[in-house]
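> Before I ask anything, let me first share the structure, which is written out below as structure tokens.
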Amino acid sequence: MSLPHEVSTSGEGTADAGSERRTRRAEDACCRARLFLPDASVRELDCAELGSVCPDEDALLWVDLVRADADTMRSVWSGCGLPEEMLDQPADDPAPRLERFGSHFLVRAIAVVDEGPDGVRGAPLTLVAGDNIVVSVHERDIEFIDELMDREAVASYIGRLGSDSFVAALLDWQLSTYFNAVSTFEASVDALEQAILSERADRCLPELRRLRQAAARLRRMLAPHRAVFGALSRPDFRHDDRPESERHFEALDTRFERAMDMIENARTLVVGSFELFSSQTALRTDRSMRVLTFVTVITGVLATVAGVLGMNFKAGLFESGNAGFLLVVGGMLVFGGGSVALARARGWF
Numbered sequence: 022m023s024l025p026h027e028v029s030t031s032g033e034g035t036a037d038a039g040s041e042r043r044t045r046r047a048e049d050a051c052c053r054a055r056l057f058l059p060d061a062s063v064r065e066l067d068c069a070e071l072g073s074v075c076p077d078e079d080a081l082l083w084v085d086l087v088r089a090d091a092d093t094m095r096s097v098w099s100g101c102g103l104p105e106e107m108l109d110q111p112a113d114d115p116a117p118r119l120e121r122f123g124s125h126f127l128v129r130a131i132a133v134v135d136e137g138p139d140g141v142r143g144a145p146l147t148l149v150a151g152d153n154i155v156v157s158v159h160e161r162d163i164e165f166i167d168e169l170m171d172r173e174a175v176a177s178y179i180g181r182l183g184s185d186s187f188v189a190a191l192l193d194w195q196l197s198t199y200f201n202a203v204s205t206f207e208a209s210v211d212a213l214e215q216a217i218l219s220e221r222a223d224r225c226l227p228e229l230r231r232l233r234q235a236a237a238r239l240r241r242m243l244a245p246h247r248a249v250f251g252a253l254s255r256p257d258f259r260h261d262d263r264p265e266s267e268r269h270f271e272a273l274d275t276r277f278e279r280a281m282d283m284i285e286n287a288r289t290l291v292v293g294s295f296e297l298f299s300s301q302t303a304l305r306t307d308r309s310m311r312v313l314t315f316v317t318v319i320t321g322v323l324a325t326v327a328g329v330l331g332m333n334f335k336a337g338l339f340e341s342g343n344a345g346f347l348l349v350v351g352g353m354l355v356f357g358g359g360s361v362a363l364a365r366a367r368g369w370f
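Take the sequence shown: its position 303, counting from 1, is numbered 324 in our numbering, and each next residue is one higher.
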């Protein structure tokens, strides 16, 4: 599985930066190997001694490679007896895939690793399976891999599983990252809808846009797996002779369909939240229009009264002086206040 090569350029600063990146990558690189034995004991191995280990039928060797360089990859491949042509598969290809290499097969899937400001993010996970050997390769840290390594560090019955069944288990964990992402997504939608129903609805549009992008990205990440999980569950794919492997892959395909349904439902939730946002915006606009209409009517009536009083007729009312002026202004204020009180009592605004 080839890794991207660094392109060297002239310049001392560039060379120093490249050296620093290579040093940091070497420090972050990780090769973990566990041999799960039939008696439930677990033996931790150094990757340099893989060539001397030959797991029997009731044992399983699991090697996990994180940010491994080309030399480490070749060493592991040689120690585990994996086909060399598997190394030619591009490690940075984000597309899910399934390929057979004689008695070995390779599965690449995308796991949800975290949630950034632009939505969810995925990390490619490549699984290579042979006779009682499974190798996992990934560039980014994947939480469930670390959890499984820690949980099964002392005693484990994983050795009783075939390599096919263990790959199915890892892929089931990979699907769980989508279920967890959808659960977090649903909680965000609930919080968003509460904000929409409050007085802060005008500030909800950026969050609504972010959730819409997250739902679309989740679907784009998971949907291409349909061909992979469908092929794994077909009878012609059978890799080992254990009958439970077929059941495990069929259950995995069913779980994939459930994950797709949940993500489709997540998209529906976003649409529902947008409709709620639109209806709340329409209600606020309607309320504002009612207030404006009411104010227009009241000011129109008062303007009419003021216009009548401003006509140039020698009526006795116009000879009342300041008292008449104050009486008219007071009457207008009483009329306006009474109209507002009546409107509030009727719930017009």
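We put the CB at the ideal spot given by N, CA and C, even for glycine.
Please name the residue or residues paired with Leu82 in a DSSP beta bridge.
On the sequence shown, position 61 is the one that residue 82 refers to. Paired residue(s): Leu56 and Ile154.
> Sorted by chain position, which residues of the same chain lie with C-beta nearer than 7 Å to Gln195's C-beta, five sequence neighbours on each side aside?
Indexing the sequence shown from 1 puts residue 195 at position 174. These residues qualify, in order along the chain: Ala130, Ala132 and Leu146.
> Are the beta-carbon atoms of Phe126 and Ala91 separated by less than 8 Å?
On the sequence shown, residue 126 is found 105 positions in, with the first residue counted as 1. On the sequence shown, residue 91 is found 70 positions in, with the first residue counted as 1. No, the Cβ-Cβ distance between Phe126 and Ala91 is not below 8 Å.
> Mind checking whether Pro71 and Arg64 have CB atoms under 8 Å apart?
Position 50 of the sequence shown, counted from the first residue, corresponds to residue 71. Position 43 of the sequence shown, counted from the first residue, corresponds to residue 64. One detail in the question is off: residue 71 reads as Leu in this sequence, not Pro. Result no, Cβ atoms of Leu71 and Arg64 do not sit closer than 8 Å.
> Where does Ala144 sit, in a helix, a strand or coil, going by DSSP?
What you label residue 144 is simply residue 123 of the sequence shown in a count that begins at 1. Three-state result, Ala144: strand.
> Count Cβ pairs between the segment 289–309 and the segment 221–229 that sit closer than 8 Å; are there 3 or more?
Cβ pair count under 8 Å is three or more, so yes.
> Would you kindly work out how many angstroms separate the C-alpha atoms of Arg142 and Asp135, rounded to a whole number?
The residue labelled residue 142 in the question sits at position 121 within the sequence shown. The residue labelled residue 135 in the question sits at position 114 within the sequence shown. Roughly 6 Å between the two C-alpha positions.
> For my contact list, His246 and Pro117 are in at a C-beta cut-off of 8 Å; report their separation, rounded to the angstrom.
One-based indexing of the sequence shown puts residue 246 at position 225. One-based indexing of the sequence shown puts residue 117 at position 96. Sure, about 5 Å apart at Cβ, within 8 Å.
> With C-beta atoms as the reference, is Ala61 less than 8 Å away from Ser177?
Reading the sequence shown from its first residue, position 40 is the one you call residue 61. Reading the sequence shown from its first residue, position 156 is the one you call residue 177. In this structure, Ser177 lies closer than 8 Å to Ala61 by Cβ.
> What distance in whole Å lies between the Cβ atoms of Leu239 and Ala189, which are believed to be in contact at a cut-off of 8 Å?
For this step, residue 189 is matched to residue 168 along the sequence shown. For this step, residue 239 is matched to residue 218 along the sequence shown. At roughly 22 Å, the Cβ-Cβ gap does not stay under 8 Å, so Ala189 and Leu239 are not in contact.
> Our contact map puts Leu108 next to Val210 with C-beta atoms below 8 Å; I'd like the distance itself, whole angstroms only.
Locating residue 108 in the sequence shown gives position 87, counting from the first residue. Locating residue 210 in the sequence shown gives position 189, counting from the first residue. So it is not a contact: roughly 43 Å between Cβ atoms.
> Between Leu86 and Thr93, is the Cβ-Cβ spacing less than 8 Å?
Translated into positions along the sequence shown, residue 86 becomes position 65. Translated into positions along the sequence shown, residue 93 becomes position 72. For Leu86 and Thr93, yes; Cβs fall inside 8 Å.
> Going by the DSSP bridge assignment, what does Leu119 pair with across the sheet?
As a position in the sequence shown, residue 119 is number 98, starting the count at 1. The partner list for Leu119 (beta bridge, DSSP) reads Val128.
> Exposed or buried, which one is Asp185 when buried takes at least 16 other CB atoms within 10 Å?
Walking along the sequence shown from the start, residue 185 turns up at place 164. Asp185 should be labelled buried.
> To the nearest angstrom, report how far apart Phe200 and Leu243 are at their CA atoms.
The count along the sequence shown starts at 1 and reaches residue 200 at position 179. The count along the sequence shown starts at 1 and reaches residue 243 at position 222. C-alpha separation (whole angstroms): 11 Å.
> Are at least three pairs of beta-carbons, each pair with one atom in the segment 356–364 and one in the segment 312–323, less than 8 Å apart?
Short answer: they touch.
> Return the chain-ordered ranges of every alpha helix (DSSP H) run that is complete within the segment 172–235 and spans a minimum of 4 residues.
Listed in chain order, the complete alpha helix (DSSP H) runs (minimum 4 residues) inside the segment 172–235 are 184–218.
> Distance, Cα to Cα, Arg95 vs Arg230?
As a working note, residue 95 is residue 74 in the sequence shown. As a working note, residue 230 is residue 209 in the sequence shown. Approximately 45 Å, taken between the alpha carbons.
> My understanding is that Leu119 touches Ala252, with C-beta atoms under 8 Å, so please give their C-beta distance in whole angstroms.
One-based indexing of the sequence shown puts residue 119 at position 98. One-based indexing of the sequence shown puts residue 252 at position 231. The Cβ separation is near 5 Å, so the contact holds.
> Applying the criterion that 16 or more other CB atoms from any shown protein chain within 10 Å of the CB defines a buried residue, is Val292 buried or exposed?
The residue labelled residue 292 in the question sits at position 271 within the sequence shown. With fewer than 16 Cβ atoms within 10 Å of its Cβ, Val292 is classed as exposed.
> Are Phe250 and Phe206 close, meaning C-beta to C-beta below 8 Å?
Walking along the sequence shown from the start, residue 250 turns up at place 229. Walking along the sequence shown from the start, residue 206 turns up at place 185. Result no, Cβ atoms of Phe250 and Phe206 do not sit closer than 8 Å.
> Have a look at Pro227 and Glu285 and give me their C-alpha separation to the nearest angstrom.
As a position in the sequence shown, residue 227 is number 206, starting the count at 1. As a position in the sequence shown, residue 285 is number 264, starting the count at 1. Using only the alpha carbons, I get a separation of about 21 Å.
> Please classify Val74: does DSSP put it in a helix, a strand, or coil?
As a first step, residue 74 is located in the sequence shown; it is residue number 53 there, counting from the start. If DSSP states are grouped into helix, strand and coil, Val74 belongs with coil.
> Specify the secondary structure class of Asp67 as computed by DSSP and reduced to three states.
Taking the sequence shown and counting its residues from 1, the one referred to as residue 67 is at position 46. If DSSP states are grouped into helix, strand and coil, Asp67 belongs with coil.
> Quick check: what's the CA-CA separation for Pro264 versus Asp257?
Within the sequence shown, residue 264 is the residue found at index 243, counting from 1. Within the sequence shown, residue 257 is the residue found at index 236, counting from 1. The straight-line gap from Cα to Cα measures roughly 13 Å.
> Any idea if Gly100 is buried or exposed, counting beta-carbon neighbours within 10 angstroms, 16 or more meaning buried?
The residue labelled residue 100 in the question sits at position 79 within the sequence shown. Label assigned to Gly100: buried.
> Excluding sequence positions up to five away, which residues of its chain have a Cβ less than 6 Å from the Cβ of Glu160?
As a position in the sequence shown, residue 160 is number 139, starting the count at 1. Cβ within range, chain order: Arg88.
> Compare the C-beta of Ile319 against all C-beta atoms of chain D and say whether one is closer than 8 Å.
Protein chains in the displayed structure number just one, and chain D is not present.
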